[in-house]
Amino acid sequence: MLKGFVVGLVVANGFEWVAHKYLLHGTHRAGKARFSPVPKSMKSHWEHHRYVRKQGFHDQGYVEGLSNWRTRNEIVSLAVVAATAGLIFYPISKGMVAAAVYSAGNYYYIHRRSHLDPIWAKKTIPWHYDHHMNSNQDANWCVTKPWFDYLLGTRVISSVELQEQNPLGIPLPQVISAWLNRQAERYVPVKWVEKRLACPVTQE
Numbered sequence: 000m001l002k003g004f005v006v007g008l009v010v011a012n013g014f015e016w017v018a019h020k021y022l023l024h025g026t027h028r029a030g031k032a033r034f035s036p037v038p039k040s041m042k043s044h045w046e047h048h049r050y051v052r053k054q055g056f057h058d059q060g061y062v063e064g065l066s067n068w069r070t071r072n073e074i075v076s077l078a079v080v081a082a083t084a085g086l087i088f089y090p091i092s093k094g095m096v097a098a099a100v101y102s103a104g105n106y107y108y109i110h111r112r113s114h115l116d117p118i119w120a121k122k123t124i125p126w127h128y129d130h131h132m133n134s135n136q137d138a139n140w141c142v143t144k145p146w147f148d149y150l151l152g153t154r155v156i157s158s159v160e161l162q163e164q165n166p167l168g169i170p171l172p173q174v175i176s177a178w179l180n181r182q183a184e185r186y187v188p189v190k191w192v193e194k195r196l197a198c199p200v201t202q203e
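Using numbering that gives the first Met the number 0, the first residue of the sequence shown is number 0, and each one after it goes up by one.
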């Protein structure tokens, strides 16, 4: 079960990357608005981006709770994803089912807390802070851990302050973090850009 749980965590992080990039942000279309197969979720997400950009990463929607339609949409979406993944993984591995349920709950907890406590977010999940406040918001797709952003070359860091301790995004002894950083620099180097907070948020 433990092996399945670990595999499930990796799968969940990969889905996080794909869903954020293609479902929540949508794909570019020449001369048209972005496309997403779940347009309501894309609309909710872009409103979240606009609000967060104006409020220094804070999102009042999480204070309002279920009375806020964006919060309701996020919770329902996560529940649907967890239930669907559970049904798919059940014949394969109970550990993967557990990972799917855990990952959905963990995603909501981390995402909500980060937008209620920007200082905590900058320290704990700087890759997500960069996603919203960086000059390039079509990058840094992972929320809970930056694994697939490293693997797929989409981790874009705006400042040394917002560079995580290591590519796993997990507190580790310095000697291990240093080794991981060397390997990442060699095989999956991150990109660096100048942070410009005044950059507008658009869907086009």
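Don't be surprised by glycine CBs; every beta carbon is placed ideally from N, CA and C.
Taking only three categories from DSSP, how would you classify residue i?
i, result
"His24", "coil"
"Lys31", "strand"
"Ala197", "Model confidence at Ala197 stands at a pLDDT of 40, short of 50, so the residue's coordinates are unreliable; what they give is reported in the following sentence. Three-state DSSP puts Ala197 in coil, outside helix and strand."
"Val142", "coil"
"Ile156", "strand"
Compare the C-alpha of residue i against each of the options and name the closest.
i, options, result
"Thr83", "Trp68, Ala11, Met41", "Ala11"
"His114", "Ala103, Tyr128, Trp146", "Tyr128"
"Tyr21", "Gly168, Trp68, Asn139", "Asn139"
"Ser92", "Leu8, Phe4, Tyr186", "Phe4"
"Val6", "Ser35, Ser102, Tyr61", "Ser102"
"His19", "Val51, Gln59, Asp148", "Asp148"
"Leu161", "Thr123, Lys144, Gln136", "Thr123"
"His57", "Leu167, Val17, Arg112, Gln182", "Arg112"
"Phe184", "Asn67, Leu171, Pro170, Arg154", "Residue identity differs from the one stated: residue 184 is Glu in this sequence, not Phe. Among Asn67, Leu171, Pro170, Arg154, the Cα nearest to that of Glu184 is on Arg154."
"His130", "Ile169, Tyr61, Trp191", "Trp191"
"Lys53", "Met0, Trp146, Met132", "Met132"
"Pro38", "Val174, Ala99, Gln173, Asn72", "Asn72"
Should residue i be labelled buried (16 or more other beta-carbon atoms within 10 Å of its own) or exposed?
i, result
"Pro199", "Below a pLDDT of 50, predicted positions are generally treated as unreliable, and Pro199, at 46, falls in that range; no measurement from the model is reported."
"Glu15", "buried"
"Trp178", "exposed"
"Arg28", "exposed"
Contact check, residue i vs residue j under 8 angstroms by CB: the rounded distance?
i, j, result
"Gly55", "Pro117", "6 angstroms"
"Lys2", "Gly94", "7 angstroms"
"Ser43", "Arg69", "5 angstroms"
"Val142", "Ile109", "6 angstroms"
"Leu77", "Tyr107", "6 angstroms"
"Val189", "Ile156", "5 angstroms"
Does the distance from the CB of residue i to the CB of residue j come in under 9 angstroms?
i, j, result
"Ser158", "Asn165", "no"
"Asp137", "His24", "yes"
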